[in-house]
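Visitor: The structure under discussion is supplied below as structure tokens; questions concerning it will follow.
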Amino acid sequence: MNMPVRHRTGGFLEQILPPLNWSEPIASEFDDLYERMGRLLESAGGVSALAGRTQWAPLADLHETDNAYVVEAELPGVQRDAIDVEIGNRELHITGEYKECGNEGVLRRTTRRTGRFAYRSALPVDIKSDEVTANLTDGVLTVTIPKAEAATPRHIEITD
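The working numbering runs 1365 ahead of the 1-based position in the sequence shown.
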């Protein structure tokens, strides 16, 4: 079993410590150390004690247009039916599983991410949840979340 790779900052520290004012580089270094220790324990002949608690988060961008919020998550090789997209409690949840390929021979080394993944993002209240769309093209999942009318920015003219 391989340890999942995480490319997000601060995840492990947020799980075990109360909120602290850690700078991003320090939190990232602790997460990297945590992941390397898990891989070391695993390569020493056993399943890491840390492996059961971790999920990897796909690389993703969240940007805002005038009419919508758009999330683009990188999920190369993940099948469409292995991805679940939900919106609830003002959060976007993208979850799923990337299964290992059944290769012949002995696997000596791998850096591919496999297993369960999860991406969560807070959303503003003013969205049209019934008009959300998602599509998967070339390994990139694009979720478009339309804004409600009240959230659409408009220019106000100043008059005398």
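By construction, the Cβ of each residue, glycine as well, lies at the ideal position given by its N, Cα and C atoms. On a predicted model such as this, the values are computed, not experimentally measured, just so you know.
For R1401, which of T1430, R1445, T1476 and V1450 has the nearest alpha-carbon?
Guide: Of the candidates T1430, R1445, T1476 and V1450, the one whose C-alpha sits nearest the C-alpha of R1401 is T1476.
Visitor: Distance check for S1494 and G1442, CA to CA, integer angstroms please.
Guide: Approximately 28 Å between the Cα atoms of the pair.
Visitor: Give a yes or no on whether the C-beta atoms belonging to F1482 and Q1420 are separated by under 8 Å.
Guide: The answer is yes: Cβ separation under 8 Å.
Visitor: Below 8 Å on the Cβ atoms is my guess for I1452 versus V1497; work out the distance and round it to an integer in Å.
Guide: With a Cβ gap of about 6 Å, I1452 and V1497 count as contacting.
Visitor: Could you give the DSSP three-state label for A1513: helix, strand or coil?
Guide: Three-state DSSP puts A1513 in coil, outside helix and strand.
Visitor: For the beta strand (DSSP E) holding I1459, just list the boundary residues, first then last.
Guide: Here the beta strand (DSSP E) through I1459 covers E1456 to Y1463.
Visitor: Kindly indicate which three-state DSSP category E1522 falls into: helix, strand or coil?
Guide: DSSP places E1522 in coil when its eight states are reduced to three.
Visitor: So the beta strand (DSSP E) D1426 belongs to, where does it begin and stop?
Guide: Run containing D1426: A1425 to E1429, per the beta strand (DSSP E) assignment.
Visitor: Give me the Cα-Cα distance between F1395 and T1524, rounded to the nearest whole angstrom.
Guide: Those two C-alpha atoms are separated by around 55 Å.
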